[in-house]
Amino acid sequence: MSIGGGDWGVCGVSLKSTHVQEALRPQDCLYTLAVLDTKISHRIVGALSDILIAAKELPQVLDAMTAPATHIFTVTVTEKGYCLNINGDLNIDHPDIRHDLQYPQTPSSVIGIIAEALRRRFVAGLAPPTVISCDNLSNNGSLLAKAVLAYADLTDREAARWIEDNVCFPCTMVDSITPATDDSLRERVTKEIGLIDMLPVQREAYTQWVIENRFCGPKPEWEAAGAILTDDVVPYENAKLRLLNATHSTLAYLGLLLDIETVFQAMQNPLLPGFIERMMRVEIAPTVDSLPGLKINDYAAAILQRYKNPAIKHYLSQIALDGSQKIPIRILETVKNNLAAGRSVGRLCLAVAGWMHFVRTKTLRGEKVNDPLADKLRTIGANCTLDASRDVARFITLKEVFGQELPNNRDFIEALTEAYKALDDGSAVAITSALRSGL
Ligand code: CS2
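Per this note's numbering, the very first residue in the sequence shown carries number 39; after that it's consecutive.
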């Protein structure tokens with residue numbers, strides 16, 4: 039099916055992992071998009087021209103990024119890929135950034151690669167591209183711009199000035215629930231299309247892509263496929279991160295402690311849906327502005343409905359990854375707003391306490407927490423004794439998560455300690471009784 043949009047193609051780049059290239063190259067980079075919802079549909083997508091792996095094929099990656107016909111770089115590397123510190127600045131002590139600063143012409147991080155491609159474009163007198171962050175960070179485009187500029191300032195000041203004056207980094211908000219590909223999806227797609235597809239993609243029917251209308255060159259007509267171009271992405275970003283992503287993480291940590299596997303199953307639990315509904319209505323919605331043509335309560339209700347999609351199997355363990363990166367953005371910013379306004383934070387703190395118990399119980403079982411701070415989390419988890427004040431004191435030493443301000447806020451510490459205590463030993467019985475307590 040063609041919906042127009044112009045004569046464009048996409049060259050995908052993986053930083054390190056080889057599996058996307060291995061799966062897609064033998065099938066000419068075609069893949070199936072399975073939309074799994076009240077209506078199910080399958081469509082073969084032909085927009086990808088190739089997949090490159092930066093760690094193995096850096097010259098080809100930089101060639102593609104400096105081709106005159108390349109106008110746009112999009113970035114989807116999850117929160118940790120930006121190598122930022124808690125203040126949203128480039129972390130120059132990050133091992134990948136340290137490496138790239140030493141060898142700027144053979145970078146390995148996404149920041150180093152973008153900066154090197156931009157430097158080469160500057161030297162070659164090529165047009166500036168538009169660099170679009172598509173990750174779940176508030177002000178994602180500005181953060182990416184700031185990180186690339188900070189890096190370029192340390193490697194090539196002239197190029198840095200050119201980047202600052204010429205390259206556009208629009209902010210975006212991307213929303214569609216897209217569980218990772220697994221064997222059950224491969225089997226379903228093979229049955230459906232009669233071909234073996236090694237890397238089909240699944241998503242719900244709902245999609246929203248809001249892009250700040252700030253481009254420095256040509257762009258595909260994404261509006262033709264429903265993208266919203268706007269001068270201000272912030273209200274969309276805030277609504278999505280604070281309502282959807284925050285409740286997703288809440289379901290993940292509390293749900294996993296309740297031995298629940300998927301978002302759909304979590305929504306069948308007698309207590310969890312009511313808890314996240316109240317959390318959205320009482321503690322999150324007051325911090326979020328209405329969206330053009332949409333009341334926040336309707337937006338929140340639609341999220342709950344999306345979580346009840348029976349056709350999608352979204353594993354809570356996928357959402358639980360990288361908690362140390364997600365919690366500050368999804369939950370703690372809202373906590374700060376509420377503390378400043380004198381509003382309650384008890385439910386938000388229960389979500390954070392859920393994460394703490396998740397870390398603790400995983401460590402106790404000898405399982406690795408999948409997180410860039412895994413080592414620190416293991417040490418903290420192993421030292422927890424279930425003395426709430428002491429355990430909270432251990433966790434809040436993580437400046438990367440809690441920053442400087444919150445650990446000094448007595449109301450926050452009190453609420454977090456209460457919440458941690460309410461979850462008792464983190465067992466399913468304890469979580470159930472905490473959720474029953476009418477929070
Ligand atoms: C999820 C998101 O994995 C997660 O942490 O919360 O990926 C979520 O599914 C998307 O942001 C929805 O647009």
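From the three backbone atoms N, C-alpha and C, an ideal C-beta is built for every residue, glycine too.
These numbers come from a predicted model, not from an experiment.
DSSP places Ala155 in the helix class (H, G or I) of the three-state scheme. A heavy atom of the ligand CS2 is found nearer than 6 Å to the CB of Asn174. Annotation: the stretch 157-241 contains the following complete segments of the beta strand (DSSP E) (minimum length 3 residues), in chain order: 168-171, 210-213, 239-241. Looking at Gly380, Leu187, Ala262, Arg368, the one whose alpha-carbon comes closest to that of Glu275 is Arg368. DSSP, read as helix, strand or coil, puts Ile130 in coil. Cα atoms of Ile82 and Val73: separation of roughly 11 Å, rounded to the nearest angstrom.
With fewer than 16 neighbouring CB atoms inside 10 Å of its own CB, Thr435 falls in the exposed class.
Judged by their CB atoms, Pro166 and Cys254 are nearer to each other than the 7 Å cut-off. With a 10 Å radius around the Cβ and a threshold of 16 neighbouring Cβ atoms, Gln442 comes out exposed.
Under the three-state reduction of DSSP output, Thr268 falls in the strand class. Checking the DSSP bridge columns, you'll see His80 partnered with Ala72. Note: Thr300 is bridge-paired with Tyr353 in the DSSP secondary-structure output.
When C-beta atoms of the stretch 86-95 are compared with those of the stretch 49-61, three or more pairs fall below 8 Å, so the two segments count as touching.
When the beta-carbon positions are compared, Ala102 and Ile149 stay at least 7 Å from each other.
Counting C-beta atoms within 10 angstroms of its own C-beta, Asn125 has fewer than 16 neighbours from the protein chains shown and is therefore classed as exposed. Burial check for Lys364: the Cβ neighbour count within 10 Å reaches 16 or more, so the residue is buried. Within 10 angstroms of the beta-carbon of Thr300 lie 16 or more other beta-carbons, which makes it buried. Straight across, the Cα-Cα distance linking Ser427 with Asn335 is about 35 Å. If you draw a straight line from the Cα of Asp45 to the Cα of Pro256, it is about 11 Å long. Closest in alpha carbon position to Thr219, among Ile78, Lys351, Thr285, Thr245, is Lys351.
Residue nearest to Leu461 within the set Gly47, Tyr291, Cys172, Ser147 is Tyr291 (criterion: CA-CA distance). DSSP lists no beta-bridge partner residue for Ile341. Pairing Ala265 with Leu329 gives a Cβ-Cβ distance that is not under 7 Å. If you look at Thr112, you'll find it in the beta strand (DSSP E) that goes 110-113. Rounded to whole angstroms, the gap between the alpha carbons of Asp269 and Glu202 is 20 Å. For the ligand CS2, a non-hydrogen atom lies closer than 6 Å to the CB of Asp213. Separation of Arg224 and Arg432 (C-alpha to C-alpha, rounded to the nearest whole angstrom) is 43 Å. For Ser52, the beta-bridge partners assigned by DSSP are Ile91. One thing to note: Leu128 has its Cβ within 7 Å of the Cβ of Tyr189.
Excluding sequence positions up to five before and after Glu230, its CB lies within less than 7 Å of the CB of His80, all in the same chain and listed in chain order. Taking non-hydrogen atoms of the ligand CS2 into account, the C-beta of His286 is found less than 6 Å away from one of them. By alpha-carbon distance to Asp221, the top candidate from Ile215, Ile234, Val212 is Ile234.
For Gln246, the enclosing beta strand (DSSP E) has its first and last residue at 246-250. When Val383, Thr372, Phe440, Ser465 are compared, the shortest CA-CA separation from Arg398 is found for Ser465.
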